[in-house]
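Everything on this sheet refers to the single structure shown next.
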Amino acid sequence: MDNILNIKKWYLDNFEIFQNSLNGESLKPINQLRKDAMAKFSELSFPTIKDEEWKYTNITPLFKHSFKPAASISEIENAQVDQFTFDDLKGYLAVFVNGIYSKDLSRLENLPKEVVISSLEDAINSYHLAVQKYFSKYADYKQHIFTSLNTAFTKDGAFIHIPDGKILEDPVHILFITNSNGEKILSQPRNLFSVGKNSQVKILEHFVSIDHGIYFTNSVSEISAGENAVVDHVKLQEESKNAFHIHRIEVEQERNSNFTSHSISLGGIISRNDCNIRFNGEGGEGTLNGLYLTDGEQLYDTHTMIDHAKPHCTSHEHYKGILDDKSRGVFNGKVMVRKDAQKTNAFQENNNIILSAEALVNTKPQLEIFADDVKCTHGATIGQLDMDSMFYLKSRGIGKVTARAILIHAFASDIIKSIPLKSIKSYIESILTERFNKQFQQ
Amino acid sequence: MLEIKNLHVSIDGKEILKGIDLKINKGEVHAIMGPNGSGKSTLAQVLAGREEYEITKGEVTYEGLNLLEMSPEDRARAGFFLAFQYPVEIPGVSNTNLLKTALNEIRKAKGEEPLDAIEFLALIKDKMKLVELDQSLLSRAVNESFSGGEKKRNEIFQMAVLNPKLAVLDETDSGLDIDALKIVANGVNQLKSKENSIIVVTHYQRLLNYIIPDYVHVLYKGRIIKSGGKDLALELEDRGYDWIKEHSSQLTLSK
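What follows is the structure, given as structure tokens:
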């Protein structure tokens, strides 16, 4: 307990340092929000396994470390950035190092008129309308201690604004690089994506690390999908396997909008992902797909909430996990169908493959339905690779290792196929191949 | 080619095969017939290397090798093939992908170079004709939402591509209409040669009108109780299995 009090004091002290570093910026209206969030942080308790939402995720290892926000931009070469980009992903690149935007490393030339891709700091400083409209509107800091911590330290992160009626053909690759270099870095990118009416965009949020350092990423992304907008969001989490990763995504969908989320999770010693969408108008369509690969002593946790607040909306959620060694997985997916949300169509599924005797999954798909004319299904499975399939492949001359790799590929294939970025599809394929069989090729 | 000596097999402590003796020479076609539950499929599965079965006694020699000591994949690489009674559906794995991986692993085991994409495509196009398989089935997931007939034809198609020395067809005829049966039988006949052998496991004589066996064996309660030529199959068709069963109990009594 003392430990937790010390940790709280640690972050409060760091907030003082942070405030002093803001200089003139502290006069902006957003600073009041920071202070309010910090006050909330001070009030709230860190979650324990007694909290229903954290029942299977013991976060106490996080409190063994004193993480500190990076004071200035860390020096990184262009070549180091290139190892995290994809040759076949042509688009815009926004690079953050230890949570701080790097203009030099980003490639944001030739943006269409009125489209903004920048650091959140710039958007705040230029009083962008979307910041005033949407910032901190969806990610409530009053209940969530990690969101309050993120909000209190709001400074940088990615900002995307697509005006009405604009289709951004090329995807936006947002690269969060941590270069901890032996220091226990606290990186808290705060992201805001506002997509106007009838507009379209593809966004990749990509978390990587230069080394195997111990650091803490605590990120929040807020997404507003305007009427009839199409937003494809892909998250690729490749943090250091010693890092802590907490990321909350809040999505608000207006009438007839279409939002897809694909969350691919590979890194982190403990990763906690919250992804929530809310239908704020009729005719919305939302997809939440995920694939998590864990090994060693990794703990992966995802909590999702799909709020069918309006009628005639469709949601599709499918998460799949492949767990090895002593790793653990937690899936908690809630679908809420409110009283007036008639003609809701909701599908939810979580499947897990356990490759070792010691890996473990806790899965809890939940439906809460208050309307009476709806179509909802949900389910969860935890199992091993199918022995009949295994025998069938072996009986055709395919060796055990290859047969196993084929079946793992097959298990993950429907999620991979649904990823809207081709280069990420083939990248995930190559990761599976490398991990499970060097020879096997799809 | 294959010699089975006094093979005893149990599953969950229950003895299914109670001393099978069978010898198959190169170029021969053997039919194993018998009523349901006689142990026909157990024999097929044990030969393919299914691990759930416990071999309590006996030996199986294949091409001079101790078959029972070999892994399922090594048996396949040595030229053994089982056409499954119930082919497994494997979502996410394309038929082509399975075959290409299988063929190249078998070639590798023989010290041959893997086929490249063009050679492989030419081979499968050629073999597909044998069983009149629709090309669209190639890119689909293995057996997934195939009809019963398509699944069985797919097994024979795999056999054609992998070109085994010894193939066991486990009730490949069951559930097929007469047209599909003819296609399957025709495919098998074209694969038959002086160099390879085939074991046809079946409940019905019907298939044997099209695949003519050199020998017919009747399996009953885990034992081969009668062996003969192709006429034995016709006799079984005429008289059913009952007279054989009586024959068997007399055999047991006289022991």
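Chains Z and W, in that order, give the protein sequences. For the first sequence, our numbering gives the first residue as 17, with consecutive numbering after it. For the second sequence, our numbering gives the first residue as 19, with consecutive numbering after it. Virtual Cβ for every residue (Gly too), placed ideally from N, Cα, C.
query	result
Given 8 Å, three or more beta-carbon pairs between the stretch 43-56 of chain Z and the stretch 148-164 of chain Z	yes
Where I219(Z) falls, given that 16 or more other Cβ within 10 Å makes a residue buried	buried
E243(Z), DSSP secondary structure in three states	coil
Euclidean distance between Cα positions of Q314(Z) and G284(Z)	7 Å
Rounded Cβ spacing between D402(Z) and L376(Z) (contact assumed at less than 8 Å)	About 20 Å separates the two Cβ atoms, so there is no contact after all.
Residue from D104(Z), F169(Z) and G107(Z) whose Cα sits closest to the Cα of L136(Z)	F169(Z)
Beta-carbon neighbours of R68(W), restricted to chain Z and to distances below 7 Å	F407
Contacting residues, own chain, Cβ-Cβ under 7 Å from M321(Z) (five flanking each side not counted)	N292, K350 and M352
CA-to-CA distance, F31(Z) to G40(Z), given in whole angstroms	16 Å
Beta carbon proximity, A120(W) to chain Z, threshold 7 Å	yes
Chain Z contact for L100(W) (CB, 7 Å cutoff)	yes
C-beta contact flag for S225(Z) and S256(Z) at 7 Å	yes
At least 3 beta-carbon pairs within less than 8 Å: the stretch 40-53 of chain W vs the stretch 228-239 of chain W	yes
Under 7 Å between C-beta atoms of E266(Z) and E238(Z)	yes
Distance, K183(W) Cα to G57(W) Cα	23 Å
Closest by C-alpha distance to N366(Z), when choosing among N214(Z), S372(Z) and T393(Z)	T393(Z)
F386(Z) classed as buried or exposed, judged by whether at least 16 other C-beta atoms fall within 10 angstroms	exposed
Reduced DSSP secondary structure (H/G/I, E/B, other) of Y228(W)	coil
Cutoff 7 Å: D104(Z) Cβ touching any chain W Cβ	no
6 Å CB neighbourhood of A185(W) in its chain, flanking five on each side removed	F99, M177 and I216
Near-chain Z residues of the stretch 19-48 of chain W (beta-carbon distance less than 8 Å), N- to C-terminal order	none
Helix, strand or coil at E221(Z) [DSSP, three-state]	strand
Pair within 7 Å by beta-carbon distance, I262(W) and K244(W)	yes
Where the beta strand (DSSP E) containing V27(W) begins and where it ends	L20 to I29
Rounded C-alpha distance that separates L127(Z) from V111(Z)	16 Å
Through-space distance from R93(W) to A127(W), alpha-carbon basis	11 Å
S42(Z) to W70(Z) span [Cα, whole Å]	34 Å
Option in T310(Z), H160(Z) and P327(Z) with minimal Cα separation from F452(Z)	T310(Z)
Neighbour-count burial assignment, I33(Z), 16 or more Cβ in a 10 Å radius	exposed
Candidates S59(W), R95(W), L35(W) and T79(W), of which the one nearest I42(W) by Cα	T79(W)
Cross-strand partners of C329(Z) (DSSP beta bridge)	According to DSSP, C329(Z) bridges with nothing at all.
DSSP three-state assignment for K416(Z), whether helix, strand or coil	helix
Whole runs of the beta strand (DSSP E) within the stretch 171-204 of chain Z, excluding any shorter than 3 residues	174-178, 188-194 and 201-203
Beta-carbon gap between A241(Z) and V211(Z) smaller than 7 Å	yes
Rounded straight-line distance, which links the Cα of G413(Z) to that of L151(W)	22 Å
Contact set for S58(Z): own chain, Cβ-Cβ below 8 Å, skip 5 residues either direction	K24 and L28
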